[in-house]
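*Asks:* Structure provided below as structure tokens; questions to follow.
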Amino acid sequence: DQQVKQNSPSLSVQEGRISILNCDYTNSMFDYFLWYKKYPAEGPTFLISISSIKDKNEDGRFTVFLNKSAKHLSLHIVPSQPGDSAVYFCAASAWDAGGTSYGKLTFGQGTILTVHP
Amino acid sequence: NAGVTQTPKFRILKIGQSMTLQCAQDMNHNYMYWYRQDPGMGLKLIYYSVGAGITDKGEVPNGYNVSRSTTEDFPLRLELAAPSQTSVYFCASSLRDTQYFGPGTRLTVL
């Protein structure tokens, strides 16, 4: 039962164009969503996040959009750069009823982004 | 700050051997986590800790044990290594929702 899904294993984009990475989730209790970027042989690096009370969060070239009714989020990278080539994971977290599961993340499978010069 | 550090970087184990993966953080984070990542898959939570002396199971805890005697350290123990435990292991820590990851330990069990 995969609660967070990234249905595109890979995405190829030309430098300077927009990259759009998608993520779907099934658990309506998720209330915080994050995107991580991972280079080979390194740990995931936090990129950007969004709370369920918002529908958009922007940080420089990176924007995350959240559509709660569709249980869908997306990461837009504009303009894309060759250094953005990496694996991108979306992740989601939810509080337990007792408020003790702070920060436990459920990850998608990842999307390999390749940005061509 | 070194952030989250993990040792060793690589290890090959024989079936039935045991080992401890070390994780340390210097950010004074209360929350720490262990994940494993199998090829083509996302990260799966093995164990987590909300503070020194408090640990709990994640999604895939079988075959592993943890302890948390200090805020800084969160070692992961494999008692009887099995080929199914071949994976890359990541440790992470957080103050709130955003987790910060170590560089990982690549473990092969033959």
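Chains as they are written, first to last, in our numbering: chain U, 2 to 118; chain V, 812 to 921.
For every residue, glycine included, the Cβ atom is placed at its ideal position computed from N, Cα and C.
1. Using 8 angstroms for Cβ pairs, my map puts Y26 of chain U next to A93 of chain U. What's the rounded Cβ distance?
2. Within 10 angstroms of its Cβ, does I51 of chain U collect 16 or more other Cβ (buried), or is it exposed?
3. Do you know whose CA, among V:L824, V:K820, V:T818, lies nearest L921 of chain V's CA?
4. For the beta strand (DSSP E) containing T107 of chain U, list its first residue and its last residue.
5. State the DSSP-derived secondary structure class of L862 of chain V, mapped to helix, strand or coil.
6. Could you check whether the Cβ of S94 of chain U sits closer than 7 angstroms to any Cβ belonging to chain V?
7. How far does the beta strand (DSSP E) with Y40 of chain U in it extend, from its first residue to its last?
8. Measuring CB atoms only, is the stretch 60-71 of chain U touching the stretch 28-48 of chain U, in the sense that at least three cross pairs come out at less than 8 angstroms?
9. Count the other C-beta atoms from every protein chain shown that fall within 10 angstroms of the C-beta of F821 of chain V, then say buried if there are 16 or more, exposed otherwise.
10. Using a Cβ-Cβ cutoff of 9 angstroms, what residues of the stretch 43-66 of chain U are near chain V? List them in chain order.
11. Answer with buried or exposed for H73 of chain U, where buried requires no fewer than 16 other C-beta atoms within 10 angstroms of its C-beta.
12. So, is R879 of chain V buried or exposed, given that buried needs 16 or more other C-beta atoms within 10 angstroms?
*Replies:* According to the data block:
1. Here residue 26 of chain U corresponds to residue number 25 of the first sequence, with the count starting at 1. Here residue 93 of chain U corresponds to residue number 92 of the first sequence, with the count starting at 1. Y26 of chain U to A93 of chain U, Cβ: 5 angstroms. Contact.
2. Within the first sequence, residue 51 of chain U is the residue found at index 50, counting from 1. It counts as buried.
3. As a position in the second sequence, residue 921 of chain V is number 110, starting the count at 1. Checking every option, the nearest Cα to that of L921 of chain V belongs to V:L824.
4. Sequence index remark: in the first sequence, residue 107 of chain U carries index 106 (1-based). Per DSSP, T107 of chain U belongs to the beta strand (DSSP E) from 106-108.
5. Position 51 of the second sequence, counted from the start, is the residue given in the question as residue 862 of chain V. Reading the sequence as shown, one finds Gly at residue 862 of chain V and not Leu. If DSSP states are grouped into helix, strand and coil, G862 of chain V belongs with the strands.
6. In the first sequence, the residue the question calls residue 94 of chain U occupies position 93. With 7 angstroms as the cut-off, S94 of chain U counts as an interface residue toward chain V.
7. What you label residue 40 of chain U is simply residue 39 of the first sequence in a count that begins at 1. Segment: none, Y40 of chain U is in no beta strand (DSSP E) and carries neither H nor E.
8. yes
9. Working through the second sequence from its first residue, we reach residue 821 of chain V at position 10. Result: exposed.
10. E43, G44, P45, T46, F47, S50, S52
11. As a first step, residue 73 of chain U is located in the first sequence; it is residue number 72 there, counting from the start. By the neighbour-count rule (16 or more Cβ atoms within 10 Å), H73 of chain U is not buried but exposed.
12. Within the second sequence, numbered from 1, the residue matching residue 879 of chain V stands at position 68. Counting Cβ neighbours within 10 Å, R879 of chain V comes out buried, since at least 16 surround it.
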